[in-house]
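Have a look at the structure below, then the notes.
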Amino acid sequence: MTSRPGRRGRASRTLTAYAFLAPSLAVIGLFTVWPLILAAGSSVRAARPGSGEWVGADNYVAVLNSEEFRNALGNTAVYVVLATPVTVACALGLALLLNRKLAGRTFFRAAVFVPAVVSLGVTAISWRFLLSPEIGLVTHWLHRLGIPAGNGIRDPDLGLAYLAVVHVWRNVGFYAVMYLAGLNTIPRTYYESAHLDGANAWQRFRHITWPLLGNTTAFVSILAVVTAVQAFDHVFVMTGGGPYSSTETLVYLLYRKGFEDLEFGYAATLGWIVLLMVFALSLAQNLYFSRRVVGY
Amino acid sequence: MRETPAGPLVYAGLVVISALVLLPLGWTVLASLTPEAQIARFPPRVLPEDITFEHYREIRRQLPLARQFLNTLIFAGGVTLLSLLFDSMAAYALARLDFPGKRVVFGLVLALLMIPPQVTLVPLYEIMSGLDWINTYHGLILPRAASAFGIFFLRQFFLTIPRDLDDAARIDGASHLRIYARIVVPISAPAVLTLGLFHFMYNWNDLLWPLVFTTDPSMHTLPAGLALFMGKHVVQYGLLMAGAVLTLLPVVLAFVLVQRRFVEGIATTGIR
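Read top to bottom, the protein sequences are chains B and L.
Take the first sequence: its letters are residues 1 to 296, numbered as in full-length UniProt numbering.
Take the second sequence: its letters are residues 1 to 272, numbered as in full-length UniProt numbering.
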């Protein structure tokens, strides 16, 4: 009969736990899970209002085959490939520069971090002007340096590259701080003994710093890819997806379909496609990095 | 390995990088003080010949900036306070209590971490207009009153606090509510503060969310108000830059004040 108080204790513990969880579960359930279910529902039904008959995967096939989706998917892929490696590499380089005895270290660290705390939607207005053809300061400088700057942000061939530049500007300081944290966890003795063995700076980086930063690189890369896939604010402000949809990303297309063209069925289906893509990407990256990470 | 002293090359590199990074922000300030005719011209120049404050007077006439500032403060502040409370409660349950369904709840939190927030936007809009919550503060705030990221972040931190303290309190007959409020949360103050800064900055700066859920200019936040204003006054750059400076200034000032804690908060609690 000793189980009685035990069972009652267990029941009250469960009750306490769910009381603690209740507000969060209510908010998440009502405003995240429920909309997801609604979106899934409308993604498998006919778009015509009132009819709503079951159409299975028809909407998915239609979206996947649509010219707009293929264009946005291609643009997003180009954007991710342009922006991610550069951001991660620059962040690592910056962290290595900042990880020294340095006068004004706090200032430099804060300076490169500032773009991450200010509104991208607002700073993109400045970028739009700096990168405009003719009167833009940055495009002008690029021309002067002999770098083909094209028609600035209005160039259909270069628009994505300029958006990627803004992406790097926005995120590099944030990831650099994460790399700095990673660098701080590497025991100093490793470098001392490597130094005694006559390893040069490159060898120390290649055989100590880089492998031991594996966890950080994995974390930063996953974050960087997910952030790049979700690009919206500066696209909205700087190009509006143009010219001729040359910079329309997936999330921008989602916004346009849902809130400008009012094609809710298309938007809901596209939403689930983006969701599954991000899920698959994160999973693939996790698998890739978990096999390569070095413990110590 | 913070040993290597920096040579002149490192300093030169850092100065150039910092200048490039700060360039758009510095240019924003300069352009806001430049007469319109001197901003848009070929060839473009960095420094204006004359200084004017006209843009600041004009933008205040054309946009309800004080109101939008208040909206942004209520929105970002409201989300931050509620989310810190709800996130920490959920994190306490996940870190300190054993109960059936714990793995399911934690799995849900992990899955939600990966969901791009834009995916739910369209159905959420339908729900919100059904509730008549468009253009209201609670409509802006409540859907963000709990975050998977916040729950995960605080759970990880709570797990690092030794259990001896709350075991002792348990023996003295303290309830879980008391342990949560008097022991676990106070000890976690640095993590809670860092998360609070994250929430506040993210929502203060967010564009898409207020763009979708407010349509009335008197309910817009500063970034949404300015982005929509740009759509109508695309060539008045001095005006836009004055608005941008007024929008960015509070955040930059706040960042200068707390930057040490903020940057270190990310460095220490961000990973590992």
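Every residue gets a Cβ at the ideal spot worked out from N, C-alpha and C, and that includes glycine.
If we ignore side chains and look at the alpha-carbon of each, how far apart do residue i and residue j end up?
i: L:Gly173; j: B:Thr16; result: 15 Å
i: B:Arg100; j: L:Leu25; result: 27 Å
i: B:Leu183; j: B:Asp197; result: 21 Å
i: B:Phe205; j: L:Arg261; result: 29 Å
i: L:Val46; j: L:Gly243; result: 19 Å
i: B:Phe107; j: B:Gly146; result: 32 Å
i: L:Gly270; j: L:Thr28; result: Only weak support exists for where L:Gly270 lies, its pLDDT of 48 falling under 50; the coordinates are left without a value.
i: B:Tyr141; j: L:Gln62; result: Note that residue 141 of chain B is Trp in the sequence shown, not Tyr. Answer to the nearest angstrom: the Cα atoms are 33 Å apart.
i: B:Val235; j: L:Arg103; result: 39 Å
i: B:Ser66; j: B:Gly258; result: 16 Å
i: B:Ala62; j: L:Ile59; result: 46 Å
i: L:Leu195; j: B:Gly52; result: 43 Å
i: L:Phe69; j: L:Pro217; result: 12 Å
i: L:Leu257; j: B:Val117; result: 13 Å
i: B:Tyr175; j: B:Val220; result: 6 Å
i: L:Leu165; j: L:Ile183; result: 8 Å
i: B:Phe279; j: B:Ala218; result: 16 Å
Between which two residues does the alpha helix (DSSP H) carrying residue i extend?
i: L:Trp27; result: Pro8 to Ser32
i: B:Asp197; result: It is not in any alpha helix (DSSP H) - B:Asp197 carries neither H nor E in the DSSP assignment.
i: L:Ala76; result: Leu65 to Arg96
i: B:Met238; result: Asp233 to Met238
i: L:Met230; result: Leu222 to Lys232
i: L:Met114; result: First-last for L:Met114: undefined, no H or E at that position.
i: B:Thr249; result: No alpha helix (DSSP H) contains B:Thr249, which DSSP labels as neither H nor E.
i: L:Glu58; result: Glu54 to Gln62
i: L:Asp166; result: Asp164 to Ile171
i: B:Ile222; result: Gly214 to Val229
i: L:Pro123; result: Leu121 to Leu131
For a test of the three-state rule: what should DSSP assign to residue i, helix, strand or coil?
i: L:Arg155; result: helix
i: B:Arg45; result: strand
i: B:Trp127; result: helix
i: B:Trp169; result: helix
i: B:Trp54; result: strand
i: B:Pro243; result: coil
i: residue 279 of chain L; result: Lying outside 1 to 272, the shown extent of chain L, residue 279 of chain L is not represented and no answer is given.
i: L:Gln38; result: helix
i: B:Glu263; result: coil
i: L:Ile134; result: coil
i: B:Arg204; result: helix
i: L:Gln236; result: coil
i: L:Thr101; result: Rather than Thr, the amino acid found at residue 101 of chain L in this sequence is Gly. Coil, per DSSP.
i: L:Ile51; result: coil
Rank the options by C-alpha distance to the C-alpha of residue i and give the top, closest one.
i: B:Val80; options: B:Ser246, B:Val229, B:Ala284 and B:Asp261; result: B:Val229
i: L:Phe213; options: L:Arg67, L:His138, L:Leu23 and L:Arg261; result: L:His138
i: L:Ser18; options: B:Ala39, B:Arg170, B:Phe232 and B:Leu275; result: B:Arg170
i: B:Ile153; options: B:Arg144, B:Val225, B:Gly146 and B:Val166; result: B:Val166
i: B:Ser119; options: L:Val256, L:Gly238, L:Pro223 and L:Leu240; result: L:Pro223
i: B:Thr189; options: B:Thr209, B:Trp202, B:Ile28 and B:Val177; result: B:Thr209
i: L:Leu20; options: B:Ala111, B:Glu67 and B:Pro133; result: B:Ala111
i: B:Ser43; options: L:Tyr56, L:Pro123, L:Phe198 and L:Gly13; result: L:Pro123
i: L:Leu108; options: L:Thr80, L:Ser147, L:Ile183 and L:Phe158; result: L:Ser147
i: B:Pro187; options: B:Val177, B:Gln203 and B:Leu212; result: B:Leu212
Can you list the beta strand (DSSP E) stretches of 3 or more residues lying completely in the stretch 180-218 of chain L, in chain order?
none
To test your reading of the DSSP string, which unbroken alpha helix (DSSP H) runs of 4 or more residues are found completely within the stretch 92-162 of chain B?
105-117, 120-130 and 137-144
Cβ-based contacts, 8 Å cut-off: residues of the stretch 224-240 of chain B near chain D
This model lacks chain D altogether, as its protein chains are B and L.
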